[in-house]
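In mature numbering (1 follows the signal peptide of the UniProt record, and there is no 0), the protein residues as written are -32 to -1, 1 to 238. Virtual Cβ for every residue (Gly too), placed ideally from N, Cα, C. Given the structure is predicted, the values throughout are model-derived calculations rather than measurements.
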């Protein structure tokens, strides 16, 4: 004869499936390991306009990573000047950007995007003005993927524009991967990235160094760098994560149908 699995067993399996799904998603988010720069490498809260030492390493996702600017620009991509912690919303002589759609405030996200910007980000050593030298990111070992955000890519002096080139290199200096940001639109254009992030991802074998270079034409610019994942090409949970949770939801629907007397399972032999 044939019979359907008892609802009690289905309920147990459903609970297990949902528990595993939730655990998987939470674990994936924890392991994402995003550097928001809301904390210094030692775990303390930064102060506005303080420097991140070029040898002060973050230990995250099993790697050691440091940041700094190459102001000598001799082609070796060697960090010699600290990046600066910039406090969100603190308008003083040192800033990373100005947002037209946030009322002209400095270092403020466009309405609706503030939670992504957090409390701090990294900026260039000097105030907004002549374009900065390259931001250099160094690793203590090879990695194969990374991602991050550059905020507020726009221009206030059209037709000149802001634009950035992000490149990944091996320890010997060979180019592994690169990506070019969009050219910044006039900041008053609703379609511009004024007060919004541009997300980049790079991948390839043997990545040991990353550079972020200004390649635009405007003469008034700042760099606002945030939400850096040093070992993954995307901070968003993989589609399979949502698929697992979706299976749990489908199981819940099946259980409800069975309790209402509608068969939806697979018959079992006995």
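Residues of its chain near residue 145, where Cβ-Cβ distance is below 8 Å and the 5 sequence neighbours each way are ignored: 135, 136, 170, 171, 172, 175
Out of 158, 177, 183, 190, which one is the CA nearest neighbour of residue 149? For the set 158, 177, 183, 190, the Cα lying nearest the Cα of residue 149 is the one of 183.
Could you give the C-beta distance for residue 96 and residue 22, rounded to a whole number, given that I count them as a contact under 8 Å? No, residue 96 and residue 22 are not in contact; Cβ-Cβ is about 22 Å, not under 8 Å.
Buried or exposed: which applies to residue 12, given that a residue is buried once 16 or more other Cβ atoms fall within 10 Å of its Cβ? exposed
Less than 7 Å separating the Cβ of residue 26 from some heavy atom of the ligand MG? Looking for the ligand MG in the displayed structure turns up nothing, as the structure carries no ligands at all.
Reducing DSSP to helix, strand and coil, say where residue 69 ends up. It is helical.
DSSP three-state label for residue 85, please. Helix.
Does the Cβ of residue 38 have 16 or more other Cβ atoms within 10 Å, making it buried, or fewer, making it exposed? buried
Which residues in the same chain have their Cβ closer than 7 Å to the Cβ of residue 241, if we skip the five residues on either side of it in sequence? Residue numbering for the chain in the displayed model covers -32 to 238; residue 241 lies beyond these limits and cannot be assessed.
Helix, strand or coil at residue 101 according to DSSP, with G and I counted as helix: coil
Are the beta-carbon atoms of residue 122 and residue 160 separated by less than 8 Å? A contact, by the Cβ cut-off of 8 Å.
Hey, could you find the ends of the beta strand (DSSP E) residue 197 is sitting in? 192 to 197
At which residues does the beta strand (DSSP E) containing residue 130 begin and terminate? Residue 130 -> no beta strand (DSSP E), and no H or E assigned at all.
So, is residue 67 buried or exposed, given that buried needs 16 or more other C-beta atoms within 10 angstroms? buried
Less than 8 Å between the beta carbons of residue 194 and residue 101, yes or no? Taking 8 Å as the cut-off, the beta carbon of residue 194 is found no closer than this to the beta carbon of residue 101.
What are the boundary residues of the beta strand (DSSP E) that residue 166 is part of? 165 to 182
Can the beta-carbon of residue 178 be found less than 8 Å from the beta-carbon of residue 114? yes
Same chain, Cβ closer than 6 Å to residue 106, neighbours up to 5 away in sequence not counted: 34, 177
What distance in whole Å lies between the Cβ atoms of residue 85 and residue 119, which are believed to be in contact at a cut-off of 8 Å? 7 Å
Residue 2 to residue 197, Cα distance in whole Å? Residue 2 and residue 197 have their C-alpha atoms some 5 Å from each other.
From the DSSP secondary-structure annotation, give me the bridge partner or partners of residue 136. Looking at the DSSP assignment, residue 136 forms a beta bridge with 145, 178.
Are residue 168 and residue 90 touching if we call contact CB-CB under 8 Å? no
Residue 38, DSSP secondary structure in three states: strand
Counting C-beta neighbours from all protein chains within 10 Å, is the total for residue 44 16 or more, i.e. buried, or is it exposed? Residue environment for residue 44: exposed (fewer than 16 other C-beta atoms within 10 angstroms of its C-beta).
Taking 7 Å as the limit between beta carbons, can you name the residues of its chain near residue 268, skipping five residues before and five after? Missing from the structure shown is residue 268; the chain here goes from -32 to 238 and no further.
At the level of alpha carbons, what is the spacing between residue 152 and residue 62? So the alpha carbons of these two residues sit roughly 21 Å apart.
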